[in-house]
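Listed in order, the protein sequences are those of chains H and U. In this note's numbering, each number is its position in the first sequence, counted from 1, plus 26. In this note's numbering, each number is its position in the second sequence, counted from 1, plus 192.
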Amino acid sequence: MSLFLHRPPLLAVKDLCVEFATRRGPVTAARSVTLQIAKGETLGIVGESGSGKSVTSYAVMRILDRAGRIVSGAMEFGGIKLHDANETVMSDLRGREISMIFQNPRAALNPIRPVGKQIEDVLIRHARATHDQAREKAIAALERVRIRDAARRYHAYPFELSGGMCQRVVIAIALACRPQLLIADEPTTGLDVTTQKAVMELVRDLTHSEGMSTLLITHDLGLAGEYCDRIVVMEQGRVVEQQDTRALFTAPAHPYTRRLIRSTPHAAQTIRDLLPEDQRPPQPPAVAEPAATSGPLLEVRALVKVFESPGGLLHRLRTRGKSTGHAFRAVDGIGFSIARGESVGLVGESGCGKSTTSAMIMRLLDATSGSIRFKGHELTAVPAGGFARSPLRRALQMVFQDPHESLNPRATAAQSIADPLLRLDGMTGAGDIRARVEQLAAEVGLPCELLDRLPHQLSGGQKARVGIARAIATRPELLILDEPTAALDVSVQAVVLNLLADLKAKSGMSYLFVSHDLEVVRLLCDRVIVMRAGRIVEEGPTERILSAPGADYTKELLAAIPRPAHLPHHVGRAKVAWA
Amino acid sequence: MADTSFMPTLAIAVPRRSAFARGFAHFRYVMTSNPVTFFAFVLFALMTLIALFGPALVPHDPLATLADKALKPPGAGHWFGTDHLGRDVFSRVIVATRLDLLISVSAVAISFVCGATLGAFAGYWGGWFDRLSGRLLDTIMAFPLFVLAMGIVAAAGNTIQNIVIATAIINLPFYARVARAEVSIRRNAGYVQAARLSGNSEIRILLLKILPNTLPPMMVQLSLNMGWAILNAAGLSFIGLGVRPPTAEWGIMVAEGANYIVSGEWWLALFPGAALMLAVFIFNLLGDGLRDLVDPQRRT
């Protein structure tokens, strides 16, 4: 891949420093960043949150917000000095020569304008089309990003399209004027793996056929490894390593890169492999097999959840008492069981009903029909609204997906953890509660001095710990983990996953691990359930499902996981991976 | 952001401070970060002091009439001049602060409490209660609000109590709407679900977990409404409803003084009018500061 080095760079960034003015004085977000992109090259910038990867791209586009300032450095794009170009030059370049696609495609589109018109706007703005031919060109652009039935989709509003379709439209807008450089800032975060694969392949094919250069900004080393020629690794505003993809994976030079590669679940044999060698605690002791006499802890049978579409008043009157055709069956008759001390992965793409299922088991949502038996008690007998007073509430707890959103912004960490103790255990006495909270904090590895902080004063990993401490405060028997690491950086994810494994080994809890990430499930779960469109597609021991999947859908999911060719893999080593 | 979990945490020893000390530190931060907020709070404190101690400090009796000194322009003896009955305008403006502030604060307090409760219940449970209360509030909003207040005071009787009630009713829909919207977007937030799992009852969740989080936008509404309420009370008095002469009140004073502007005695209407304007100005400035005070994200 080093052949790119001999070509003149399309974009050259030299010693770029970016500062943000904050309440506590200036914060340096990028420290002397130097990188180059050759014509036709795909360069990946990889780093965890706060590493300055997005800031670098914003600086190149000169779209830093008001607090941000380019302190020093030079940026040159095809002979134009970007660092002292004026706004007129920049707005001409943006969209025509350098385009950008953003993380949340739905937010990047104007919600009240048909997508076709939004493509036209860009074409007309950069004089690539006149009003008469703009429509044709816009439809052609939609066809180029493989949107079927483009002439009809031209009139669609963003809310009528799925997330993957929206991202295609954003790509169509970005590529409409045939730019020379495409900056993709986390283009597939929040999309399902199969959609991610489709979008990334589209970007790759289009950039190759047009001879464009691409700057892919991502936190996912696997994704960068699969699609990039060269990778720049950033940490805390600095470029720590810059290498060809193969060299980066086979001979990483910087310790941070090594840590990052290790934290990525692709290569790990066991959950401990995710952590740096010097920080690995001993393997968790094997869980003592519980007496098999007690039967399963949780048994779900023929569980159904139907969401009625509200419809108009007239419609409701007409169909009163009858089931309507507009109903959406989010969960469609599923059944499974969880034994004591077992951890089960529930895997599927967005909209498959996995979150609805977990909400019903947690009694946050009433089931339409079916039965949920927990320790022999029928849970559906108590309506969700009154379950707070049930003695079983203590035994069923949950860790939420977004650690930030699941903490009350006005409550300190200690108050959040103490809430279930006060309400469910009836603990009294400030001293006792404080002692118990500190004990729980120690269990999840949260330093005691952080207990009096508010959620926004904690980092993502610390917030995740607070959420876990709260969930285990009442010593539950079943803990549902709803994508507990989806919002976290890989190194933090590694630590949190290990923490969860240790807690389980210590207390013998059962886990229902809801996730879209098969790699993570592989490391944590004994058994996997694959769901699609409200039904269970496949169920079985993790090892078998991931190495020899039976259902086509499972194969598709496994094949969609981005895997750099230079890393050893443990998922789907069968031919499936290359299907 | 790199997590420092398994590594030894670089603990910067932060001494645990009492809630009061933390609150004061936050107050000081909000005041020093924005000079306009500081200015508004100083003026507000001054106005409150005048309302509390003004009647004891004024140089003249606000009701004493001195026929020989009628319509004297501002001067050394009477800073704001005297009115047509020889009463000292300065003393009357100062003394009126207490009454006007009392009316607006109590009216806004009533509408804040009632409106927030109504809106919070409607936003949390939805259903028929939401629809019913929503239409009721729409009905109130359908009237020109000042005309509605006039109608209520005219029908119920010309007392201070009725002015407070009328002002509270016309301000109610604003709080109810803000509270309803703010509660309904938080109804299924992650921390609310977590509170359900922690065994909180629904009413407890609403009152202790959701309502406090709706305070920042409510505070902005509150300060704007304080200005409206004070204008409304003065307006009612101006047209002869509400407070009656000879009580010192800004609205009446402007109304009485208005007759003398043509003949050149401008000070009768100008000074109470300026006091009114200043009060509305202070309340509007307070809004941002109040919001910052109750917003936990502003704490460092």
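Glycine included, every Cβ here is placed at the ideal spot set by N, Cα and C.
Check: Interface residues of chain U around residue 446 of chain H at Cβ under 7 angstroms?
Finding: By 1-based counting over the first sequence, the position of residue 446 of chain H is 420. Chain order gives the chain U residues near residue 446 of chain H as 390 and 391, where near means a beta carbon separation below 7 angstroms.
Check: residue 316 of chain U touches chain H at which residues, Cβ-Cβ below 9 angstroms?
Finding: Residue 316 of chain U sits at position 124 when you count from the first residue of the second sequence. Correct list: empty, because the minimum Cβ distance to chain H is about 12 angstroms.
Notebook entry, point to check: Between which two residues does the beta strand (DSSP E) containing residue 432 of chain H stretch?
Noted result: Taking the first sequence and counting its residues from 1, one reaches residue 432 of chain H at position 406. Here residue 432 of chain H belongs to no beta strand (DSSP E), and DSSP marks it neither H nor E.
Next item on the list: Taking all protein chains shown into account, decide if residue 472 of chain H is buried (16 or more other Cβ within 10 angstroms of its Cβ) or exposed.
Entry: As a position in the first sequence, residue 472 of chain H is number 446, starting the count at 1. Residue 472 of chain H is buried by the Cβ-count criterion.
Check: For residue 474 of chain U, which residues of its own chain have a beta-carbon under 7 angstroms away from its beta-carbon, when the five flanking residues on both sides are left out?
Finding: Locating residue 474 of chain U in the second sequence gives position 282, counting from the first residue. Take residue 474 of chain U, set aside five residues on each side of it, and the residues of its chain with a beta-carbon closer than 7 angstroms to its own are 232, 235, 236 and 239, in chain order.
Item checked: For residue 433 of chain U and residue 454 of chain U, the rounded distance between their alpha carbons -> Position 262 of the second sequence, counted from the first residue, corresponds to residue 454 of chain U. Position 241 of the second sequence, counted from the first residue, corresponds to residue 433 of chain U. So the alpha carbons of these two residues sit roughly 24 angstroms apart.
Next item on the list: Determine, using beta carbons only, whether residue 427 of chain U and residue 443 of chain U come nearer to each other than 8 angstroms.
Entry: On the second sequence, position 235 is the one that residue 427 of chain U refers to. On the second sequence, position 251 is the one that residue 443 of chain U refers to. Against a cut-off of 8 angstroms, the Cβ pair of residue 443 of chain U and residue 427 of chain U comes out as a contact.
Next item on the list: Excluding the 5 residues preceding and the 5 following residue 525 of chain H in the sequence, name in chain order all residues of the same chain whose CB lies nearer than 8 angstroms to its CB.
Entry: Walking along the first sequence from the start, residue 525 of chain H turns up at place 499. Around residue 525 of chain H: 470, 471, 491 and 494.
Note to self: Using a Cβ-Cβ cutoff of less than 8 angstroms, which residues in the same chain neighbour residue 485 of chain U once the five nearest sequence positions on both sides are dropped?
What the structure shows: On the second sequence, position 293 is the one that residue 485 of chain U refers to. 218, 219, 222 and 411, listed in sequence order.
Next item on the list: Would you mind sorting residue 144 of chain H into buried or exposed? The rule is 16 or more other CB atoms within 10 Å of its CB.
Entry: By 1-based counting over the first sequence, the position of residue 144 of chain H is 118. Burial call: buried.
Notebook entry, point to check: Which residues share a DSSP beta bridge with residue 102 of chain H?
Noted result: Along the first sequence, read from residue 1 onward, the residue named residue 102 of chain H stands at position 76. DSSP, once it has assigned bridges, lists H/38 and H/107 as partnering residue 102 of chain H.
Note to self: Which residues does DSSP list as the beta-bridge partners of residue 125 of chain H?
What the structure shows: Taking the first sequence and counting its residues from 1, one reaches residue 125 of chain H at position 99. Answer is H/208, bridged to residue 125 of chain H.
Checklist line | Three-state class that DSSP yields for residue 43 of chain H in the structure shown | finding: The residue you call residue 43 of chain H lines up with position 17 of the first sequence. In the three-state DSSP reduction, residue 43 of chain H falls in the strand class (E or B).
Margin query: Using CA atoms only, rank isn't needed, just tell me which of U/457, U/349, U/307 and U/405 is closest to residue 417 of chain U.
Written below: Numbered from its first residue, the second sequence carries residue 417 of chain U at position 225. Nearest C-alpha to residue 417 of chain U: U/307.
Check: Which same chain residues, not among the five before or five after residue 337 of chain U, have their C-beta less than 6 angstroms away from its C-beta?
Finding: Sequence index remark: in the second sequence, residue 337 of chain U carries index 145 (1-based). Once the five neighbours on either side are set aside, the close Cβ partners of residue 337 of chain U are 362.
Check: Looking at the C-beta of residue 297 of chain U, does it have a partner C-beta in chain H at a distance below 8 angstroms?
Finding: On the second sequence, position 105 is the one that residue 297 of chain U refers to. It does not: the Cβ of residue 297 of chain U has no partner Cβ on chain H nearer than 8 angstroms.
Note to self: Quick check: is the beta carbon of residue 382 of chain U nearer than 8 angstroms to any beta carbon in chain H?
What the structure shows: Looking up residue 382 of chain U in the second sequence gives position 190. For residue 382 of chain U, the answer is yes, since a Cβ of chain H falls inside 8 angstroms of its Cβ.
Check: For a contact meaning CB atoms closer than 8 angstroms, what does residue 431 of chain H contact in chain U?
Finding: In the first sequence, the residue the question calls residue 431 of chain H occupies position 405. At a C-beta separation below 8 angstroms, residue 431 of chain H has these neighbours in chain U: 381, 382 and 383.
Checklist line | Below-8 angstroms beta-carbon distance, residue 441 of chain U vs any chain H residue | finding: Taking the first residue of the second sequence as 1, we reach residue 441 of chain U at position 249. No - not a single Cβ of chain H is within 8 angstroms of the one on residue 441 of chain U.
Check: Can you name the start and end residues of the beta strand (DSSP E) that residue 372 of chain H belongs to?
Finding: Taking the first sequence and counting its residues from 1, one reaches residue 372 of chain H at position 346. It spans 369-373 - the beta strand (DSSP E) in which residue 372 of chain H sits, taken as one unbroken run.
Checklist line | Three-state secondary structure assigned by DSSP to residue 395 of chain H | finding: Here residue 395 of chain H corresponds to residue number 369 of the first sequence, with the count starting at 1. In the structure shown, the three-state DSSP call for residue 395 of chain H is strand.
Margin query: Rounded to the nearest angstrom, what separates residue 225 of chain U and residue 215 of chain H at their Cα positions?
Written below: For this step, residue 225 of chain U is matched to residue 33 along the second sequence. For this step, residue 215 of chain H is matched to residue 189 along the first sequence. Approximately 37 angstroms between the Cα atoms of the pair.
Check: Between residue 250 of chain U and residue 459 of chain U, is the Cβ-Cβ spacing less than 8 angstroms?
Finding: Within the second sequence, numbered from 1, the residue matching residue 250 of chain U stands at position 58. Within the second sequence, numbered from 1, the residue matching residue 459 of chain U stands at position 267. Not closer than 8 angstroms, so no.
Item checked: Where residue 48 of chain H sits in the DSSP three-state scheme -> The sequence position of residue 48 of chain H within the first sequence is 22, counting from 1. Residue 48 of chain H falls in the strand class under three-state DSSP.
Next item on the list: Note down the Cα distance separating residue 195 of chain H from residue 141 of chain H, rounded to an integer number of angstroms.
Entry: As a working mapping, residue 195 of chain H is identified with position 169 in the first sequence. As a working mapping, residue 141 of chain H is identified with position 115 in the first sequence. Rounded to whole angstroms, residue 195 of chain H to residue 141 of chain H spans 7 angstroms at the Cα level.
Item checked: Complete runs of the beta strand (DSSP E) confined to the stretch 230-290 of chain H [at least 3 residues] -> 239-244, 256-261 and 264-270
Next item on the list: Give a yes or no on whether the minimum CB-CB distance between residue 434 of chain H and chain U is below 8 angstroms.
Entry: Locating residue 434 of chain H in the first sequence gives position 408, counting from the first residue. Yes, residue 434 of chain H lies at the interface with chain U (some Cβ there is under 8 angstroms from its Cβ).
Check: How long is the line joining the alpha carbons of residue 429 of chain U and residue 304 of chain U, rounded to whole angstroms?
Finding: Numbered from 1 along the second sequence, position 237 holds the residue referred to as residue 429 of chain U. Numbered from 1 along the second sequence, position 112 holds the residue referred to as residue 304 of chain U. One C-alpha to the other measures close to 23 angstroms.
Margin query: Relative to the C-alpha of residue 375 of chain H, which candidate in H/509, H/162, H/67 and H/34 has its C-alpha closest?
Written below: Counting from one through the first sequence, the residue named residue 375 of chain H turns up at place 349. Check the Cα spacing between residue 375 of chain H and each of H/509, H/162, H/67 and H/34: the tightest is with H/509.
Note to self: Do residue 137 of chain H and residue 192 of chain H count as a contact pair if the criterion is CB distance below 8 angstroms?
What the structure shows: Mapped onto the first sequence, residue 192 of chain H falls at position 166. Mapped onto the first sequence, residue 137 of chain H falls at position 111. For residue 192 of chain H and residue 137 of chain H, no; Cβs fall outside 8 angstroms.
Notebook entry, point to check: Are there three or more Cβ pairs, one per stretch, closer than 8 angstroms when the stretch 578-589 of chain H is compared with the stretch 552-570 of chain H?
Noted result: yes
Item checked: Exposure of residue 456 of chain H, with buried meaning 16 or more beta-carbon neighbours within 10 Å -> Mapped onto the first sequence, residue 456 of chain H falls at position 430. So residue 456 of chain H ends up on the exposed side.
Checklist line | Proximal residues of chain H, C-beta to C-beta of residue 488 of chain U below 8 angstroms | finding: Position 296 of the second sequence holds residue 488 of chain U. What residue 488 of chain U touches in chain H: 435, 436, 480 and 482.
Check: According to a CB-to-CB cut-off of less than 7 angstroms, which residues of the stretch 396-412 of chain U neighbour chain H?
Finding: Against chain H - using a Cβ distance shorter than 7 angstroms - the residues of the stretch 396-412 of chain U are 401, 404 and 405.
Next item on the list: Thinking residue 484 of chain H and residue 497 of chain H are a contact (beta carbons under 8 angstroms), I'd like their distance in whole angstroms, please.
Entry: Numbered from 1 along the first sequence, position 458 holds the residue referred to as residue 484 of chain H. Numbered from 1 along the first sequence, position 471 holds the residue referred to as residue 497 of chain H. In fact, because the Cβ distance is near 16 angstroms, the residues do not count as touching under 8 angstroms.
Margin query: Need the endpoints of the alpha helix (DSSP H) that residue 221 of chain U sits in, please.
Written below: Here residue 221 of chain U corresponds to residue number 29 of the second sequence, with the count starting at 1. Counting along the chain, the alpha helix (DSSP H) containing residue 221 of chain U begins and ends at 211-225.
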